[in-house]
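Worksheet: one structure, shown below.
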Amino acid sequence: MTGPTRRRLLRTAPGVVLAPTLAGTRRGDGAGSSVSVGTGERGGRGRPQPRPRAREQAQAQTQDALRVSITETNAPLPAGEYLRVTTALENTGTDAIRTEASLLVGDDETRVSRRGLTIEAGRTRTIRQGFYTYPVPRNDEFEIQVAAGGQSSARRVGVTAASSVPAARPDSELAVQPGTAVLFEAEAVDPGSAQRTVWWVDGERVGGGVGGPWVSTYYAERGAHYRWHEFESSGTHDVTAAVLPGTAPIAEPSRETYAARWRVEVTDDGATSPTVEGVRPREQVVSISRTTPTEFELVATDPDGSLDSVVWWLTQSDVILDVTELEGARDTATISLSSGCHTCTVLPWVICTDGTVTALDSRWELDARSGGNDVDGNGDGENGDIAVSIQETNSPVDAGEFLAVTATVRNGGSETRTTTVELVVGHDPTVVESRSVTLSGGERRQLQLGYETYPTARNEQFPVRVVSDADAVEATVRVLA
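Per UniProt numbering, the very first residue in the sequence shown carries number 1; after that it's consecutive.
See below:
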């Protein structure tokens, strides 16, 4: 696989039987290389691989000794909610068994979760797995199966139809050109109350129920959860938002769920993203003072005449400064600032009524060193131009599964800089991944960070932080036992 390194010590204790799903497998290290588990293929003195007859005997021993049984689910539940599956794995043999339990869904047995574990002789291990169900518009029933070591247990579960979201933007059907970005918004079902939103594109989940700080800020300011998505390939694409009232997927499922659905045609004669130009200040780095407000002005243009609004973001602080209304094919928007955080940038989003969206590339960086405006505490350190933000996570994940964190690193200065970006987890902060990143002036880069969570026996909630040499941002994640 490409992406973050999975950190798990693979160790075979005396008397442990390797189930066929793990014997001789290869795991990527996230950098294009791979290591062998128990094959001795990568230099050094690797453990000799069992002969075919020995492997067959080990597989037969595992299959004969292992008993798999789904003991509980939280079905039936509303479509879109998180389906929990509890499974008992019993080892009736005389040797410990090491195996991998896979949660499979549907007639095509799509694997949605897997969990590696060791079961001591004569013992039973109970594991919990789960996944977000798709927010189908009608009642549905399907089969789930837990398979491990050649044994399996199956059960049929049901979901009730998701209702329509009371309000969503843009319209449910739209056409855009390839390369166009669209901002989808699922508005609050119960204004003033919390909700989770899970996003799907063409049947694949692309956003979990826990978003980054920008998602929370946008919901508080605009009363909607959003998904920024750029369409590259021509054809028809389906975008769905499952709205789940409440905050905690580890609690009882919501009594009712909601869904917003869009059909997007990507074609050469569709709509395009608007364009935006920063008019003033002309400088990339802008000094601000409490005594003299500074005005920022932009000009937005949309050939289809559907300009709607500008959302003015202040990065690093992760706040919305203001929302300016637009109209027509060409319009001007301004905002005035007399304070801000040092090295933060003013980042405007220009949004059209048809959902097309763009962001100002030549964003303004604030120089707030004078007048005591350094409200985020970054100061004017040597690496103050490097900023980090968390875009999203795949929380919640099952214990033992990979927790992924999507982060953005930005160099707001004009010179090339190198920084170390770390993923730090837990109440007792532990660095689980570290990257060295070199960015040219103004460059912005997205990183996929993560680690394989510990197979805990109880539900856990803890912070994850992305830290650079001069900035840090935090989000809360959940691991389900």
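No residue lacks a Cβ here, since even glycine has one placed at the ideal position from N, Cα and C.
Would you mind sorting H427 into buried or exposed? The rule is 16 or more other CB atoms within 10 Å of its CB. In the sequence shown, residue 427 corresponds to position 427, counting from 1. H427 should be labelled exposed.
DSSP-derived helix/strand/coil call for D64: The residue you call residue 64 lines up with position 64 of the sequence shown. Residue state, collapsed to three classes: helix.
Residue nearest to D108 in terms of C-alpha spacing, selected from I144, I97, V357, A101: Start at 1 with the first residue of the sequence shown, and residue 108 comes out as number 108. Nearest of I144, I97, V357, A101 to D108, Cα basis: I144.
Spatially closest choice to A87 from S306, P303, R128, by CA coordinates: What you label residue 87 is simply residue 87 of the sequence shown in a count that begins at 1. Per the sequence shown, residue 87 should be read as Thr rather than Ala. Cα-wise, what sits closest to T87 is R128.
For V189, the first and last residue of its enclosing beta strand (DSSP E): Here residue 189 corresponds to residue number 189 of the sequence shown, with the count starting at 1. Unbroken run through V189: none, as it is neither H nor E.
What are the start and end residues of the beta strand (DSSP E) that includes S216? Position 216 of the sequence shown, counted from the first residue, corresponds to residue 216. It is not in any beta strand (DSSP E) - S216 instead sits in the alpha helix (DSSP H) that spans 213-222.
When you compare only the Cα positions, how much space is there between I390 and E474? As a position in the sequence shown, residue 390 is number 390, starting the count at 1. As a position in the sequence shown, residue 474 is number 474, starting the count at 1. Near 7 Å, if we compare the C-alpha coordinates of E474 and I390.
Which residue or residues does DSSP assign as beta-bridge partners of R363? Translated into the one-based positions of the sequence shown, residue 363 becomes position 363. None; R363 has no bridge partner.
Comparing alpha-carbon positions, which option in H229, Y132, A175 lies nearest F184? Taking the sequence shown and counting its residues from 1, one reaches residue 184 at position 184. Comparing Cα-Cα distances from F184 to each of H229, Y132, A175, the minimum goes to H229.
Continuous beta strand (DSSP E) stretch holding H237: start and end: Translated into the one-based positions of the sequence shown, residue 237 becomes position 237. H237 -> beta strand (DSSP E) spans 235-245.
Between the region 270-280 and the region 165-184, can you find at least three pairs of beta-carbon atoms closer than 8 Å? yes
Counting C-beta neighbours from all protein chains within 10 Å, is the total for Y226 16 or more, i.e. buried, or is it exposed? Position 226 of the sequence shown, counted from the first residue, corresponds to residue 226. Buried, because 16 or more other Cβ atoms sit within 10 Å of the Cβ of Y226.
Taking 8 Å as the cut-off, is the CB of S234 close to at least one heavy atom of the ligand MG? Summarising the ligand content, the structure contains no ligands, and the ligand MG is consequently not present.
Can you give me the start and stop residues for the beta strand (DSSP E) that R261 sits inside? As a first step, residue 261 must be located in the sequence shown, where it is residue number 261. Its beta strand (DSSP E) spans residues 258-266.
Can you give me the Cβ contacts of V319 inside the same chain, cut-off strictly under 7 Å, excluding the 5 residues immediately before and after it? Locating residue 319 in the sequence shown gives position 319, where the first residue counts as 1. So the list reads T217, once near-sequence residues are dropped.
If you reduce the DSSP assignment to three classes, tell me which class E297 lands in. Counted from its first residue, the sequence shown places residue 297 at position 297. Reduced to three states, the DSSP call for E297 is strand.
Burial state of T345, where buried means 16 or more other Cβ atoms lie within 10 Å: Walking along the sequence shown from the start, residue 345 turns up at place 345. Counting Cβ neighbours within 10 Å, T345 comes out buried, since at least 16 surround it.
With P137 as the anchor, note down where its beta strand (DSSP E) starts and where it stops. By one-based count along the sequence shown, residue 137 stands at place 137. Premise fails: P137 is in no beta strand (DSSP E) and is neither H nor E.
Output the boundary residues of the beta strand (DSSP E) element that contains Q461. On the sequence shown, residue 461 is found 461 positions in, with the first residue counted as 1. Residues 460-467.
Check N74 in the structure and name its three-state DSSP category. Numbered from its first residue, the sequence shown carries residue 74 at position 74. Note: N74 maps to coil in three-state DSSP.
Beta strand (DSSP E) runs contained entirely in the region 97-137, provided each spans 3 or more residues: 97-105, 110-119, 124-132
Buried or exposed for R410, going by 16 or more other Cβ atoms inside 10 Å? Taking the sequence shown and counting its residues from 1, one reaches residue 410 at position 410. It is buried - the Cβ of R410 has at least 16 other Cβ atoms within 10 Å.
What span of residues does the beta strand (DSSP E) with Y451 cover, start to end? As a position in the sequence shown, residue 451 is number 451, starting the count at 1. From DSSP, the beta strand (DSSP E) with Y451 extends over 444-452.
Cutoff 8 Å; reference D268; Cβ partners in own chain excluding five residues on either side: Numbered from its first residue, the sequence shown carries residue 268 at position 268. Closer than 8 Å at Cβ, skipping near neighbours: Q177, P178, S234.
Just to check my reading of the structure: L298 and V276 have Cβ atoms closer than 8 Å, yes? What is that Cβ distance to the nearest angstrom? Numbered from its first residue, the sequence shown carries residue 298 at position 298. Numbered from its first residue, the sequence shown carries residue 276 at position 276. The Cβ separation is near 6 Å, so the contact holds.
Extent of the continuous beta strand (DSSP E) to which T334 belongs: The count along the sequence shown starts at 1 and reaches residue 334 at position 334. Residues 330-337.
Within its chain, find whatever has a CB closer than 7 Å to the CB of E72; leave out the 5 residues flanking it on each side and keep chain order. Taking the sequence shown and counting its residues from 1, one reaches residue 72 at position 72. For E72, where only same-chain residues beyond five positions count, the Cβ hits under 7 Å are T86.
So is A354 buried or exposed if we call it buried at 16+ other beta carbons inside 10 Å? Locating residue 354 in the sequence shown gives position 354, where the first residue counts as 1. It is worth fixing the name first, because residue 354 is Asp in this sequence and not Ala. With 16 or more other Cβ atoms within 10 Å, it is buried.
Between P170 and G223, what straight-line distance do the alpha-carbon atoms span, to the nearest angstrom? By 1-based counting over the sequence shown, the position of residue 170 is 170. By 1-based counting over the sequence shown, the position of residue 223 is 223. Cα-Cα distance, rounded: 15 Å.
Member of S336, E325, A260 whose CA lies at the smallest distance from the CA of V286: Residue 286 sits at position 286 when you count from the first residue of the sequence shown. Ranking the options by Cα distance to V286, first place goes to S336.
Can the beta-carbon of V357 be found closer than 9 Å to that of V424? Here the question's residue 357 lines up with position 357 in the sequence shown. Here the question's residue 424 lines up with position 424 in the sequence shown. No.
I need the DSSP call for Q195, collapsed to helix, strand or coil. As a working mapping, residue 195 is identified with position 195 in the sequence shown. Here Q195 sits in strand by DSSP.
Cβ shell of E295 (< 6 Å), same chain only, five flanking positions each side left out: By one-based count along the sequence shown, residue 295 stands at place 295. Result list for E295: T334, S336, in chain order.
Given a threshold of 16 other Cβ atoms within 10 Å of its Cβ, counted over all protein chains shown, does P253 qualify as buried or as exposed? The sequence position of residue 253 within the sequence shown is 253, counting from 1. P253 should be labelled buried.
Quick one: grab the DSSP three-state call for S163. By 1-based counting over the sequence shown, the position of residue 163 is 163. Strand at S163.
How many Å lie between R196 and V477 at the Cα? Taking the sequence shown and counting its residues from 1, one reaches residue 196 at position 196. Taking the sequence shown and counting its residues from 1, one reaches residue 477 at position 477. Straight-line Cα distance between these residues: approximately 13 Å.
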